[in-house]
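Engineer: Have a look at this one.
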Amino acid sequence: MAKIRPVGDRVVVKPAAKEEVTRSGIVIPDTAKEKPQEGTVISVGSGRLLDNGERATIDIKEGDRVLFAKYGGTEFKLEGEEYLVLKESDILAIIG
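According to the UniProt record's numbering, the sequence shown is numbered sequentially starting from 1.
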């Protein structure tokens, strides 16, 4: 995989795959699936630039499982894999 390096306070996340079958065994078509709100952090930017010229530290690190805003970020594909670029403020929680 090509190395992805976001800028500023942005984070690259690989969304978790959603289940395609419900507990009762019903298969969910792609058009009816909800967008995932959970994923794994692939890469982290250097931090937001403050007024005094320093960089704010980012609390998130590569490998963290995170919960993010449902419609936040920008989706893109790289080498057949789907990724999401989010601002640090779109990440709601670190899981585990």
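Glycine included, each C-beta is placed from N, C-alpha and C at the ideal position.
Can you tell me the Cα-Cα spacing of residue 24 and residue 4, whole angstroms?
Structural biologist: 39 angstroms
Engineer: Among all the DSSP beta bridges, which residues are the ones paired with residue 10?
Structural biologist: 87
Engineer: Identify every run of the beta strand (DSSP E) within the stretch 33 to 69, keeping only runs that are complete inside it and at least 3 residues long; order them along the chain.
Structural biologist: 38 to 44, 65 to 68
Engineer: Note down, in chain order, each residue of its chain lying with its Cβ closer than 8 angstroms to the Cβ of residue 73, except the 5 sequence neighbours on either side.
Structural biologist: So the list reads 13, 84, 85, 86, 87, 90, once near-sequence residues are dropped.
Engineer: Under three-state DSSP, which class holds residue 3?
Structural biologist: Residue state, collapsed to three classes: coil.
Engineer: Using the C-alpha atoms, what's the distance from residue 20 back to residue 7?
Structural biologist: 34 angstroms
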